[in-house]
Amino acid sequence: MSNINVTEAALRRKQGAKWNSYPPNILPAWVADMDFNVAEPIRRALSDQISNSDFGYPLGAKDNGLLALFQSRVKKRFNWDIHESEVLILNDVVQGLYLGVSTFSDENESVVIQTPIYPPFLQAVTELSRIPLLQPLVATDGHFEIDFDKLESAINSSTKIFALCNPHNPTGRAFNLKELTKIGELCCRHDLIILSDEIHADLVYEPKTHIPIASISPEIRARTVTLMSASKAFNIAGLCMAFAHFGSSALKKKFETIPPHVRGGTNTLSVAAVRSAWTLCDSWLNDVRSILWRNRNLVSQFVLEEHPKIRYFPPEATYLAWLDLRRFEYKSSYQSYLMDTAKVAVSAGEDFGDDGRGFIRVNFATSPELLGEVLAKVGSALDLIS
Ligand SMILES: Cc1ncc(COP(=O)(O)O)c(C=O)c1O
Numbered sequence: 052m053s054n055i056n057v058t059e060a061a062l063r064r065k066q067g068a069k070w071n072s073y074p075p076n077i078l079p080a081w082v083a084d085m086d087f088n089v090a091e092p093i094r095r096a097l098s099d100q101i102s103n104s105d106f107g108y109p110l111g112a113k114d115n116g117l118l119a120l121f122q123s124r125v126k127k128r129f130n131w132d133i134h135e136s137e138v139l140i141l142n143d144v145v146q147g148l149y150l151g152v153s154t155f156s157d158e159n160e161s162v163v164i165q166t167p168i169y170p171p172f173l174q175a176v177t178e179l180s181r182i183p184l185l186q187p188l189v190a191t192d193g194h195f196e197i198d199f200d201k202l203e204s205a206i207n208s209s210t211k212i213f214a215l216c217n218p219h220n221p222t223g224r225a226f227n228l229k230e231l232t233k234i235g236e237l238c239c240r241h242d243l244i245i246l247s248d249e250i251h252a253d254l255v256y257e258p259k260t261h262i263p264i265a266s267i268s269p270e271i272r273a274r275t276v277t278l279m280s281a282s283k284a285f286n287i288a289g290l291c292m293a294f295a296h297f298g299s300s301a302l303k304k305k306f307e308t309i310p311p312h313v314r315g316g317t318n319t320l321s322v323a324a325v326r327s328a329w330t331l332c333d334s335w336l337n338d339v340r341s342i343l344w345r346n347r348n349l350v351s352q353f354v355l356e357e358h359p360k361i362r363y364f365p366p367e368a369t370y371l372a373w374l375d376l377r378r379f380e381y382k383s384s385y386q387s388y389l390m391d392t393a394k395v396a397v398s399a400g401e402d403f404g405d406d407g408r409g410f411i412r413v414n415f416a417t418s419p420e421l422l423g424e425v426l427a428k429v430g431s432a433l434d435l436i437s
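And the structure:
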């Protein structure tokens with residue numbers, strides 16, 4: 052399939068962070084971009100705009116049709132009934148996290164975060180002078196689980212927000228209906244706003260499915276802000292566009308006290324790309340999901356057959372493998388060790404919070420050949436310290 056026929060030489064010609072943050076002798080498997088070619092209809096839409104010099108101010112969100120498209124998209128993908136009037140367009144999901152935290156809590160109030168966690172969750176809370184209420188996910192047989200008793204007892208009167216990451220980065224958990232219902236009910240009991248980052252929603256592997264937490268009940272919906280985007284699944288993060296759904300008009304009204312120019316949201320190219328992604332690119336997405344599934348299993352095979360000292364729960368969603376290396380003999384950062392010894396750039400577990408120490412996150416959204424090279428290099432470097 053042409054999507055994965057990417058060569059290292061072509062990837063190194065890209066301008067983005069993944070392939071340019073480290074010297075050319077380093078193979079990158081860190082930031083969450085995919086190495087696959089973007090779907091042909093998206094590239095065509097963008098090149099039409101380029102050849103037509105079509106870079107003027109775009110139509111606003113009310114007129115560009117994307118809110119209605121988002122409404123039909125979430126119905127089709129997740130059987131979630133919403134209305135376009137409940138949605139705002141933002142620049143990106145991380146911006147939504149920052150604006151959500153600053154809108155729905157005050158300084159010195161606390162925000163629940165399930166660690167290890169995608170670093171901007173920690174940054175948003177601490178940089179905005181809120182208190183992170185860290186709730187470690189617990190590794191049990193086969194996956195990470197939520198310790199609901201600990202969670203319930205940690206929440207206090209200064210806790211205002213549950214910042215949920217579902218599917219969860221970096222553990223790859225796609226929380227199930229029972230777990231999400233329990234989280235939702237807990238937030239109702241303690242009057243918490245749920246700020247739900249669902250950017251990986253399109254990348255949940257069967258038989259699991261993505262359940263938007265706001266779709267579970269009217270009570271949970273009424274306290275939930277859901278952040279979604281086409282950027283992860285369609286590999287267009289650099290174009291910058293995200294969608295925020297508000298489960299009540301009160302939540303939306305409060306968020307709209309942020310001036311529109313601070314919220315941003317559309318640019319000429321992102322409008323074209325997202326429209327194309329959500330109307331013309333599902334067969335591309337299906338193909339990519341199959342490749343990711345196979346790559347996910349290559350990582351399992353590498354662990355089981357060659358490096359059983361690594362602890363790895365294959366992700367239920369995302370293209371990120373969260374590898375526990377704590378059974379090896381290295382006492383410092385595995386990310387630095389692998390950079391120096393394997394010449395591979397992975398994400399450092401410690402960046403995902405203290406309980407990520409001793410882990411690495413490997414992005415497996417690349418060709419099977421490059422993934423094989425990444426794993427072989429990591430494996431040889433680990434052999435030196437086992
Ligand atoms: C859970 C999660 N949220 C948000 C983002 C970034 O989203 P955006 O580029 O829209 O800010 C990522 C990127 O990897 C992510 O994994």
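All the letters of the sequence shown, read from the start, carry residue numbers 52 to 437 under our numbering.
The beta carbon of each residue, even a glycine, is placed where N, CA and C say it ideally should be.
Quiz item: Should glutamate 249 be labelled buried (16 or more other beta-carbon atoms within 10 Å of its own) or exposed?
Solution: That one is buried.
Quiz prompt | For leucine 435 and serine 398, the rounded distance between their alpha carbons | solution = If you take the alpha carbons of serine 398 and leucine 435, they lie about 20 angstroms apart.
Quiz item: Sorted by chain position, which residues of the same chain lie with C-beta nearer than 6 angstroms to leucine 141's C-beta, five sequence neighbours on each side aside?
Solution: Gly147, Ala293, Ala295, Arg314, Gly316, listed in sequence order.
Quiz item: Is tyrosine 370 near ligand 1, in the sense that its beta carbon is under 7 angstroms from a heavy atom of that ligand?
Solution: In this structure, tyrosine 370 has its beta carbon at no less than 7 angstroms from each heavy atom of ligand 1.
Quiz item: Going by alpha carbons, who is nearest to glutamate 137 out of Asn414, Gly298, Ala328, Glu160?
Solution: Here the closest residue by C-alpha is Gly298.
Practice problem: Mind reading off the beta-carbon distance from glycine 400 to phenylalanine 410? Whole number of angstroms is fine, and I expect it under 8 angstroms. | Solution: Rounded to whole angstroms, the Cβ separation of glycine 400 and phenylalanine 410 is 3 angstroms, and the two are in contact under 8 angstroms.
Quiz item: Rounded to a whole number of angstroms, what is the C-alpha to C-alpha distance between serine 300 and aspartate 402?
Solution: Inter-residue distance for serine 300 and aspartate 402 is about 36 angstroms (C-alpha atoms, whole angstroms).
Quiz item: Looking at the structure shown, is arginine 181 part of a helix, part of a strand, or coil, going by DSSP?
Solution: In the three-state reduction of the DSSP assignment, arginine 181 falls in the coil class, being assigned neither a helical nor a strand state.
Quiz item: Which residues mark the beginning and the end of the beta strand (DSSP E) in which alanine 293 is found?
Solution: Element bounds for alanine 293: 293-297.
Self-check item: Supposed close pair alanine 368, glycine 223 - CB separation, criterion 8 angstroms
Solution: Indeed, because the Cβ distance is near 6 angstroms, the residues count as touching under 8 angstroms.
Quiz prompt | Residue of Val89, Phe121, Asp114 minimising C-alpha distance to serine 280 | solution = Serine 280 has its Cα closest to that of Phe121, out of Val89, Phe121, Asp114.
Quiz item: How about aspartate 402: is its Cβ closer than 7 angstroms to a heavy atom in ligand 1?
Solution: Distance from the C-beta of aspartate 402 to the nearest heavy atom of ligand 1 is not below 7 angstroms.
Practice problem: Decide if the segment 285-292 is in contact with the segment 305-314; the criterion is three or more beta carbon pairs, one per stretch, under 8 angstroms apart. | Solution: They do not touch, by the three-pair rule.
Quiz item: Counting Cβ pairs, one atom from each stretch, are 3 or more of them under 8 angstroms apart for the segment 160-179 and the segment 123-138?
Solution: Contact between the segment 160-179 and the segment 123-138 is absent, with fewer than three C-beta pairs closer than 8 angstroms.
Quiz item: For the candidate residues Trp131, Gln186, Gly111, Phe415, whose alpha-carbon lies nearest to that of phenylalanine 353?
Solution: The option with the nearest alpha carbon to phenylalanine 353 is Phe415.
Exercise. May I ask which residues mark the beginning and end of the beta strand (DSSP E) holding threonine 210?
Key: For threonine 210, the enclosing beta strand (DSSP E) stretches over residues 210-216.
Quiz item: According to DSSP, is tyrosine 363 helix, strand or coil?
Solution: Strand at tyrosine 363.
Practice problem: Give a yes or no on whether the C-beta atoms belonging to isoleucine 245 and isoleucine 267 are separated by under 8 angstroms. | Solution: Not in contact: isoleucine 245 and isoleucine 267 (Cβ atoms no closer than 8 angstroms).
Quiz item: In this structure, does DSSP put threonine 330 in helix, strand or coil?
Solution: Annotated three-state conformation of threonine 330 is helix, per DSSP.
Quiz prompt | Inter-stretch contact (C-beta, 8 angstroms, three-pair minimum) for the segment 326-342 and the segment 83-90 | solution = In short, these stretches touch, since the Cβ pair count reaches three.
Quiz item: What are the boundary residues of the beta strand (DSSP E) that includes valine 276?
Solution: Run containing valine 276: 275-279, per the beta strand (DSSP E) assignment.
Self-check item: Any non-hydrogen atom of ligand 1 closer than 7 angstroms to histidine 251 Cβ
Solution: Yes, Cβ of histidine 251 sits closer than 7 angstroms to a heavy atom of ligand 1.
Self-check item: Where serine 398 sits in the DSSP three-state scheme
Solution: The answer is strand: DSSP assigns serine 398 an E or B state.
Quiz item: Just to confirm, does alanine 83 get its C-beta within under 7 angstroms of one of the non-hydrogen atoms of ligand 1?
Solution: Because some heavy atom of ligand 1 lies under 7 angstroms away, the Cβ of alanine 83 counts as near it: yes.
Quiz item: Can you give the Cα-Cα distance for proline 365 and leucine 188, rounded to whole angstroms?
Solution: If you draw a straight line from the Cα of proline 365 to the Cα of leucine 188, it is about 15 angstroms long.
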